[in-house]
Amino acid sequence: MEKNALAQRIRAFRKLKGFTQTELAQKLDVSIAVLGSIERGTRKADLKMIRKISDALSIEPEELSSSAGVKTYYS
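According to the numbering used here, the sequence shown is numbered sequentially starting from 1.
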(Lines of atoms letter the chains of each structure in order from A and count residues from 1; the text may use other names and numbers.)
(Lines give C-alpha, C1' and ligand atoms only; values in the text may rest on other atoms or scores of the structure.)
Protein backbone atom coordinates (compact mmCIF):
# COMPACT_ATOMS: atom_id res chain seq x y z
CA MET A 1 0.00 0.00 0.00
CA GLU A 2 1.25 3.46 -0.82
CA LYS A 3 2.25 5.29 2.35
CA ASN A 4 0.53 8.51 1.31
CA ALA A 5 -2.74 6.65 0.74
CA LEU A 6 -2.66 5.29 4.29
CA ALA A 7 -1.71 8.72 5.63
CA GLN A 8 -4.61 10.35 3.78
CA ARG A 9 -7.08 7.78 5.10
CA ILE A 10 -5.90 8.23 8.68
CA ARG A 11 -6.37 11.99 8.38
CA ALA A 12 -9.75 11.62 6.63
CA PHE A 13 -11.12 9.26 9.29
CA ARG A 14 -9.76 11.47 12.10
CA LYS A 15 -11.59 14.47 10.68
CA LEU A 16 -14.70 12.43 9.91
CA LYS A 17 -14.85 11.26 13.52
CA GLY A 18 -14.41 14.84 14.76
CA PHE A 19 -10.99 14.54 16.38
CA THR A 20 -8.29 17.18 16.30
CA GLN A 21 -4.71 16.02 15.95
CA THR A 22 -4.18 16.91 19.60
CA GLU A 23 -7.14 14.81 20.76
CA LEU A 24 -6.20 11.77 18.70
CA ALA A 25 -2.53 12.03 19.70
CA GLN A 26 -3.60 12.00 23.36
CA LYS A 27 -5.77 8.92 22.81
CA LEU A 28 -2.85 7.19 21.08
CA ASP A 29 -0.37 8.31 23.76
CA VAL A 30 1.94 9.84 21.14
CA SER A 31 3.06 13.39 20.49
CA ILE A 32 1.29 15.62 18.01
CA ALA A 33 4.53 15.60 15.99
CA VAL A 34 4.39 11.80 15.65
CA LEU A 35 0.75 11.81 14.57
CA GLY A 36 1.39 14.68 12.17
CA SER A 37 4.29 12.77 10.61
CA ILE A 38 2.10 9.69 10.18
CA GLU A 39 -0.65 11.78 8.56
CA ARG A 40 1.85 13.42 6.19
CA GLY A 41 3.30 10.04 5.26
CA THR A 42 6.79 10.95 6.43
CA ARG A 43 6.64 8.39 9.24
CA LYS A 44 5.53 4.82 8.73
CA ALA A 45 2.75 3.51 10.95
CA ASP A 46 3.50 -0.07 11.96
CA LEU A 47 0.76 -2.65 12.45
CA LYS A 48 0.56 -1.95 16.19
CA MET A 49 0.05 1.77 15.54
CA ILE A 50 -2.54 1.08 12.83
CA ARG A 51 -4.47 -1.03 15.34
CA LYS A 52 -4.25 1.73 17.97
CA ILE A 53 -5.47 4.31 15.47
CA SER A 54 -8.35 2.14 14.30
CA ASP A 55 -9.37 1.40 17.91
CA ALA A 56 -9.27 5.10 18.79
CA LEU A 57 -11.38 5.94 15.75
CA SER A 58 -13.77 3.00 16.30
CA ILE A 59 -13.12 1.54 12.87
CA GLU A 60 -11.70 -1.73 11.60
CA PRO A 61 -7.98 -1.69 10.68
CA GLU A 62 -8.94 -2.86 7.19
CA GLU A 63 -10.84 0.39 6.65
CA LEU A 64 -7.53 2.24 6.79
CA SER A 65 -6.09 0.01 4.10
CA SER A 66 -9.01 0.29 1.71
CA SER A 67 -9.97 3.42 -0.19
CA ALA A 68 -13.56 2.15 -0.13
CA GLY A 69 -13.63 2.62 3.66
CA VAL A 70 -13.61 6.42 3.60
CA LYS A 71 -15.90 6.64 0.58
CA THR A 72 -18.52 4.55 2.38
CA TYR A 73 -18.78 7.15 5.16
CA TYR A 74 -19.23 10.00 2.69
CA SER A 75 -21.94 8.26 0.65
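Where a beta carbon is used, it is the ideal one built from N, C-alpha and C, also for glycine.
Proximal residues to Ile10 (C-beta, below 8 angstroms), its chain only, five neighbours per side dropped:
Ile38, Glu39, Ala45, Ile53 and Leu64
Quick one: using the 10 Å Cβ neighbour count with 16 as the cut-off for buried, is Leu16 buried or exposed?
exposed
Quick check: the Cα distance between Gly131 and Leu6, rounded to an integer number of angstroms?
For residue 131 there is no data in the structure shown, the boundaries of the chain being 1 and 75.
Taking the CB atoms as reference points, tell me whether Leu28 and Ala56 lie closer together than 8 angstroms.
yes
By the DSSP assignment, the alpha helix (DSSP H) with Gly36 in it spans what residues?
Ile32 to Arg40
Should Leu83 be labelled buried (16 or more other beta-carbon atoms within 10 Å of its own) or exposed?
Nothing about residue 83 can be reported from this structure: the residues present for the chain run from 1 to 75 only.
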